[in-house]
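For the sequence shown, my numbering begins at 1 and goes up steadily by one.
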Amino acid sequence: MIILPKNNSNLLQVRRYWELLHVLVARNLKVRYRGSFLGVYWSLFNPLLMTALYSAIFGTTFASYYDNSILNYVLAAFTGLVVINFFSASTSQALTSVVSNGSLLNKIRVPVSVFPVSIIGANVFQLLVGTFPLLVLMTAINAKNLVNVLCLVFPVLALILVSTGISFLISALYVFFRDLPYFYELVVFVLWVSSPIFYPAAIVPPQVRQFLGLNPLSPIIESLRQITLSNSLPDLGLIWGALLSGGIILALGWTCFHIWRHQFMDLL
């Protein structure tokens with residue numbers, strides 16, 4: 001019998017994890033868009049349609065907060081919708097990912113965490129081929145400097161961290177509480193309304209703004225808007241705030257998932 005060194009064994013486990021993750025991400029995308037004409041580009045159509053709707057209703061009212069430019073309001077609404085759509089789609093799909101693969105987990109031994117991560121991976125792929133190139137184009141035109149274009153990666157990374165952390169948490173909780181999807185719909189709605197998507201954060205009263213600051217999506221949206229719409233260099237305070245909240249949420253979500261996963265098999 002050949003005994004592999006511990007380091008080689010760990011590397012082999014990481015390699016197998018990534019191979020399994022690649023297979024599951026590809027499967028998720030194929031199942032989701034089988035027979036679809038637009039495929040992953042449906043993820044771009046939704047925020048564009050909602051942006052047009054918000055702009056028609058609120059564009060004139062809120063243009064004064066964006067240099068009296070309706071076009072700037074359109075771009076601001078689009079960036080907010082990109083964030084909330086990615087978050088709501090990723091986490092809502094990940095919520096059932098562990099339970100829906102319960103039969104597979106009972107047959108073969110696979111790392112449970114790969115299922116919510118694969119959902120995030122599929123949605124990240126959609127983002128990169130769908131809306132992200134449009135964000136890059138918007139930033140290149142408005143900011144007119146390469147630094148802002150390169151810094152787009154930071155709010156996007158923060159969004160992925162927040163979404164992954166919440167996905168770990170709710171996919172684990174769903175194993176124990178099967179009514180969770182109904183409650184989570186309400187949570188997503190509250191996050192949607194409390195995020196500065198179709199309205200500028202400046203109109204929120206100061207006494208309310210401190211509570212809205214607890215929304216982890218708000219600094220991501222504000223950072224993304226500052227990078228894409230401003231001629232100035234990225235605000236490092238906004239970027240670090242978004243990344244810090246993302247890292248904290250990911251750590252909390254993963255910790256809960258890791259602690260509770262040993263009880264999953266008894267309930268699946």
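Think of the CB as a built atom: it goes at the ideal place given N, C-alpha and C, for glycine as much as any other residue.
Residues near residue i by beta carbon distance below 7 Å, same chain, minus five either side
{"i": "S230", "result": "A143"}
{"i": "N85", "result": "N46 and P47"}
{"i": "N72", "result": "Y66 and L229"}
{"i": "I166", "result": "T91, I249 and G253"}
{"i": "P219", "result": "L238, G241, A242 and S245"}
Where residue i sits in the DSSP three-state scheme
{"i": "W260", "result": "helix"}
{"i": "S92", "result": "helix"}
{"i": "F45", "result": "helix"}
{"i": "R178", "result": "coil"}
{"i": "P116", "result": "helix"}
{"i": "V110", "result": "coil"}
Length of the line joining the Cα atoms of residue i and residue j
{"i": "A172", "j": "C256", "result": "8 Å"}
{"i": "I2", "j": "R15", "result": "Confidence at I2 is low in this model, with a pLDDT of 43, below 50, so its placement is unreliable and no value can be given for it."}
{"i": "G213", "j": "S195", "result": "9 Å"}
{"i": "L44", "j": "Y33", "result": "14 Å"}
{"i": "L4", "j": "N145", "result": "Caution applies to L4, whose pLDDT of 47 falls short of 50 and renders its modelled position unreliable; the model cannot decide the point."}
{"i": "V129", "j": "W42", "result": "11 Å"}
{"i": "F177", "j": "R261", "result": "14 Å"}
{"i": "H22", "j": "F168", "result": "18 Å"}
{"i": "G35", "j": "R27", "result": "14 Å"}
Neighbourhood of residue i by C-beta, 8 Å cutoff - its chain only, sequence neighbours within 5 removed
{"i": "L243", "result": "F154, L157, A158 and L161"}
{"i": "V136", "result": "V149 and L152"}
{"i": "I70", "result": "S55, G59, T60 and A63"}
{"i": "P111", "result": "Y17 and L20"}
CA nearest to the CA of residue i, picked from the options
{"i": "Q226", "options": "L267, N215 and I239", "result": "I239"}
{"i": "T309", "options": "F198, S232, L29 and S223", "result": "The shown model of the chain, from 1 to 268, leaves out residue 309, and the question about it has no answer."}
{"i": "F125", "options": "S218, A77, V40 and D179", "result": "V40"}
{"i": "A269", "options": "W18, Q263, T164 and V112", "result": "Lying before the first or after the last residue shown, residue 269 is absent from the chain, which here runs from 1 to 268."}
{"i": "I83", "options": "P181, W192, A140 and Q13", "result": "Ile is not the amino acid found at residue 83; the sequence shown has Val there. If we check each option's Cα against that of V83, W192 comes out closest."}
{"i": "G80", "options": "L224, K107 and N10", "result": "L224"}
Spatial neighbours of residue i in its chain, beta-carbon cut-off 6 Å, leaving aside the 5 residues before and after
{"i": "L29", "result": "A122"}
Any non-hydrogen atom of the ligand MG closer than 7 Å to residue i Cβ
{"i": "L267", "result": "In the structure shown, the ligand MG is absent, as is every other ligand, since no ligand is present at all."}
Query raised in the report: Touching or not, the region 112-121 and the region 85-103, by the rule of three or more beta carbon pairs under 8 Å?
Result: With the cut-off at 8 Å, the region 112-121 and the region 85-103 touch.
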